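Shown next, in structure tokens, is the structure this report addresses.
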Amino acid sequence: MELFVLSMHSYVPFVALFIKMIIIVTSELKIKCFSISGDTVNRETSAKLDLAIRGGTIVDGTGEPGRIADVGVRDGRFVSVGEVNERARREIDATGMLVTPGWVDIHTHYDGQATWDSMLSPSCWHGVTTVVMGNCGVGFAPVHPGDQDYLIKLMEGVEDIPGTALSEGIDWQWESFPEYLNAIEAKPHPIDIGAQIPHAALRLYVMGERGADHTEVPTPEEITEMSRLVRESIEAGALGFTTSRTVLHRSSDGRHTPSLTATSDELLGISRALGEVGQGAFEMVTDHMTKDDEWELMRSIVRVSGGRPLSVSMVQYDDTPFAYREQLEQLRRSNEIGLPIRGQVANRAIGILLGLETTLNPFSGSANYKAIKDLPLPERVARMKDPEVRAAILADRVPKKLTETIDFQKIYELGNPPNYEPAPEDSISARAECLGVTREEHIYDCLLGNEGRALLYAPFVNYAEFNHDAVREMLLDENTVPGLGDAGAHCGLICDGSFPTFLLTHWARDRTRGEKLPLEWLVRRQTHDTARAIGLCDRGTIEPGMKADLNVIDFEKLGIGHPEVVYDLPAGGRRLLQKASGYVATIQTGEVTFENGESTGALPGKLIRGPQTVV
Ligand SMILES: [Zn+2]
Numbered sequence: 001m002e003l004f005v006l007s008m009h010s011y012v013p014f015v016a017l018f019i020k021m022i023i024i025v026t027s028e029l030k031i032k033c034f035s036i037s038g039d040t041v042n043r044e045t046s047a048k049l050d051l052a053i054r055g056g057t058i059v060d061g062t063g064e065p066g067r068i069a070d071v072g073v074r075d076g077r078f079v080s081v082g083e084v085n086e087r088a089r090r091e092i093d094a095t096g097m098l099v100t101p102g103w104v105d106i107h108t109h110y111d112g113q114a115t116w117d118s119m120l121s122p123s124c125w126h127g128v129t130t131v132v133m134g135n136c137g138v139g140f141a142p143v144h145p146g147d148q149d150y151l152i153k154l155m156e157g158v159e160d161i162p163g164t165a166l167s168e169g170i171d172w173q174w175e176s177f178p179e180y181l182n183a184i185e186a187k188p189h190p191i192d193i194g195a196q197i198p199h200a201a202l203r204l205y206v207m208g209e210r211g212a213d214h215t216e217v218p219t220p221e222e223i224t225e226m227s228r229l230v231r232e233s234i235e236a237g238a239l240g241f242t243t244s245r246t247v248l249h250r251s252s253d254g255r256h257t258p259s260l261t262a263t264s265d266e267l268l269g270i271s272r273a274l275g276e277v278g279q280g281a282f283e284m285v286t287d288h289m290t291k292d293d294e295w296e297l298m299r300s301i302v303r304v305s306g307g308r309p310l311s312v313s314m315v316q317y318d319d320t321p322f323a324y325r326e327q328l329e330q331l332r333r334s335n336e337i338g339l340p341i342r343g344q345v346a347n348r349a350i351g352i353l354l355g356l357e358t359t360l361n362p363f364s365g366s367a368n369y370k371a372i373k374d375l376p377l378p379e380r381v382a383r384m385k386d387p388e389v390r391a392a393i394l395a396d397r398v399p400k401k402l403t404e405t406i407d408f409q410k411i412y413e414l415g416n417p418p419n420y421e422p423a424p425e426d427s428i429s430a431r432a433e434c435l436g437v438t439r440e441e442h443i444y445d446c447l448l449g450n451e452g453r454a455l456l457y458a459p460f461v462n463y464a465e466f467n468h469d470a471v472r473e474m475l476l477d478e479n480t481v482p483g484l485g486d487a488g489a490h491c492g493l494i495c496d497g498s499f500p501t502f503l504l505t506h507w508a509r510d511r512t513r514g515e516k517l518p519l520e521w522l523v524r525r526q527t528h529d530t531a532r533a534i535g536l537c538d539r540g541t542i543e544p545g546m547k548a549d550l551n552v553i554d555f556e557k558l559g560i561g562h563p564e565v566v567y568d569l570p571a572g573g574r575r576l577l578q579k580a581s582g583y584v585a586t587i588q589t590g591e592v593t594f595e596n597g598e599s600t601g602a603l604p605g606k607l608i609r610g611p612q613t614v615v
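Each step along the sequence shown adds one to the number in my numbering, with nothing skipped, and position 91 is 91.
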């Protein structure tokens, strides 16, 4: 206090001068306002709020019942919720609308896209105001000059993002992870971005070529160096560290992801670094969810990090349809002994989309289809309608299974609006039987729908029992958190960036094949709970003091569109995109960023540096 008084004394002359300047500037502003219009002056001088949203049904992210109220915003924060009498510079009438916090999506792969794309689509169309990237152990920093191509191939293979787009789009203005954070920070976006340090890039950076060789293990010095770099990254603002232990993650040249065979020494060394800083989360995906050893490893990771939270991807597989219940039990046991481990779960089945423009369709292997597959879509469709071409393609042998895990009993017409919980009698096989045609004929005709843009949906996880009951059970568990949407990734086959919207439309409103879930609880899951899972305590609820990120939603009109294939990535790269309807306004840090699906041009999103608390 003494110091404060002293310094105030010595600055008195300057303070007086400063106040004088403010008076001059303010009176000049007043004069300017008068010259524009009296009304403007009145509003500008009497408005105490930057933004007021009036009369909406507030579902505030705490899980409490929705209530009709006003929301006042100043300086990017909520200042009042209830009856707000102060005037605001911008007023939004939300009568009849839902008002929710902005969605916090903790599982995205915008690591490359965020460097070239200001918008972060598709998340920007789905009411998302915070994204977290760097998941599943893949990303683009740290990187030595010359190693960029390998990281691109890895992202291309693991996350199905075109390598050509990444090569053309990324400018590589960084080597270290802190430099990468600076590059992300320098590019404005409409959404806040949190970044995590990916194990694959880190391993390659420290171990060189050996980092991607699964017969090699790091030396103790290399583990120390990885830990040091993780500490440096977390201190610079990374929200966590991520790793992958699945054989499904391979680079586009077929090699397994570098972190696949990381030993416990390495993983524990790294998690100890999180503990030393005392912040940051651990995210992982693993093939060994049914093994006790793996759960012991996860518990050790959390223990040596001094209790840093860990989230692990969790899905239901067809061949072990009830294993998820044992995993929920493992989660419960871990949390009971004070080790915060969460299952990261999807809010619907995850499936691939088969079509004439996506990477794969059931005729991809047909010689007669291959002969025309590179024709522009309208021409290809015209050719496919020719009875002779049709007969020739159908005469080619179609494999019994589309992939190792997907058979035709589980392929459906996606439809428009898309149906993500189709019944067994909706399968291509069942419909073909009803129609009295072969399965292949029915598939062929479906693919030609909507001028060749129709899609077939082949759910490969979370659909073992042909419904979403397991998804519901996983979502409902108190030790899980919604995620796994992979927004920004899987450009040619999967399109799940719409998860946050689907959570509301399907689970609170549209589900017909089983029980729904309460709206208030769903909103809390995608806002408060996801934000807290990654250390963001300054957002996710509509309460005074919290960050003013929110959505004004016309709930009746809320919907997700049919996925479409567009070629808008750098180098004309292809991606599947899915838009939404019903988001009347999305507000980020008090600024309206999207109105009825269109950008307002405002880009108030910031890089999030480290965990956040309410100021
Ligand atoms: Zn992922």
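C-beta: ideal position from N, C-alpha, C; glycine also. None of these values were measured; they are calculated from a predicted model.
Could you tell me whether the stretch 121-130 touches the stretch 296-308, using the rule of 3 or more Cβ pairs below 8 Å?
No, the stretch 121-130 does not touch the stretch 296-308.
Between L504, V565, Y567, which has its C-alpha nearest L558's C-alpha?
Minimum Cα distance to L558 is reached at L504.
Identify whether K291 lies in helix, strand or coil by the three-state DSSP scheme.
Note: K291 maps to coil in three-state DSSP.
When the Cα atoms are used, what is the spatial distance from A430 to I411?
Looking at the two C-alpha atoms, the distance is approximately 10 Å.
From what residue to what residue does the beta strand (DSSP E) around S227 run?
Looking at the DSSP string, S227 is not in any beta strand (DSSP E); the run it does join, the alpha helix (DSSP H), is 220-236.
Just the Cα atoms here: how many angstroms apart are C446 and V381?
Rounded to the nearest angstrom, the two C-alpha atoms are 12 Å apart.
Just to confirm, is the Cβ distance from G651 to V471 under 8 Å?
This structure cannot speak to residue 651, because the chain is shown only from 1 to 615.
Does the Cβ of N462 lie closer than 7 Å to at least one heavy atom of ligand 1?
Not under cutoff, so the answer is no.
Expressed to the nearest angstrom, what Euclidean distance is found between the alpha-carbon atoms of A508 and T286?
Straight-line Cα distance between these residues: approximately 31 Å.
Taking I350 and A458 to be in contact with their CB atoms under 8 Å, please state how far apart those CB atoms are, rounded to whole angstroms.
Not confirmed; about 10 Å, so no contact.
On the CB-based measure, 16 or more other CB atoms within 10 Å of its CB, does A371 come out buried or exposed?
Flag for A371 reads exposed.
By Cβ distance, which residues of its chain are closer than 6 Å to P218, with the 5 residues on each side in sequence left out?
Answer for P218: M207, E266, listed in chain order.
How should Q113 be labelled, buried or exposed, when 16 other C-beta atoms within 10 angstroms of its C-beta is the threshold for buried?
Q113 should be labelled buried.
Going by DSSP in three states, Q316 sits in which element: helix, strand or coil?
Q316 falls in the coil class under three-state DSSP.
P220 and E175: beta carbons closer than 8 Å?
In this structure, E175 does not lie closer than 8 Å to P220 by Cβ.
What first and last residue would you give for the alpha helix (DSSP H) that runs through T530?
Looking at the DSSP string, the run of the alpha helix (DSSP H) that includes T530 is 530-533.
Cβ of N135 within 7 Å of any heavy atom in ligand 1?
True, at least one ligand heavy atom lies under 7 Å from that Cβ.
Can the beta-carbon of A195 be found closer than 8 Å to that of M133?
A contact, by the Cβ cut-off of 8 Å.
Per DSSP, which residues does N551 bridge with? Please list them.
Answer by DSSP bridge pairing, in chain order: T100, T586.
Shortest alpha-carbon distance to M474 belongs to which of L181, P65, L331?
With distances taken between Cα atoms, M474 lies closest to L331.
Given A94, which residues of its chain have a CB within under 7 Å of its CB, disregarding the five upstream and five downstream residues?
If we look at A94 and ignore the five residues flanking it on each side, its Cβ neighbours are I53, R54, G55, G56, V552.
Given a threshold of 16 other Cβ atoms within 10 Å of its Cβ, counted over all protein chains shown, does G601 qualify as buried or as exposed?
When all chains shown are included, G601 counts as exposed.
What residue ranges within the stretch 119-195 form continuous alpha helix (DSSP H) runs of no fewer than 4 residues, ordered along the chain?
Whole alpha helix (DSSP H) segments, 4+ residues: 148-159, 163-169, 177-186.
By DSSP, does T115 sit in helix, in strand, or in coil?
In this structure, T115 counts as helix in the three-state DSSP scheme.
Mind checking whether the beta-carbon of D287 lies closer than 7 Å to any heavy atom of ligand 1?
Result no, Cβ not under 7 Å from ligand 1.
Please state the DSSP three-state secondary structure of R210.
Here R210 sits in helix by DSSP.
So, for I270: in the same chain, excluding its five sequence neighbours on each side, which residues have a beta-carbon less than 7 Å away from its beta-carbon?
Here the set comprises M226, S227, V230, F241.
Quick check: the stretch 355-362 against the stretch 477-493, are there 3 or more CB pairs under 8 Å?
Short answer: they touch.
Closest to G483 by C-alpha separation, out of N462, W295, T108, would be which residue?
Comparing Cα-Cα distances from G483 to each of N462, W295, T108, the minimum goes to T108.
Excluding sequence positions up to five away, which residues of its chain have a Cβ less than 6 Å from the Cβ of A531?
Correct list, in chain order: V104, R539, G540.
For V312 and G275, which I take to be in contact (beta-carbon distance under 8 Å), what is that distance rounded to the nearest angstrom?
In fact, because the Cβ distance is near 18 Å, the residues do not count as touching under 8 Å.
Quick one: is the Cβ of H256 within less than 7 Å of any heavy atom of ligand 2?
Absence of ligand 2 is noted for the structure shown, with ligand 1 being the only ligands found.
Beta carbon of H249, beta carbon of H214: below 8 Å?
Against a cut-off of 8 Å, the Cβ pair of H214 and H249 comes out as no contact.
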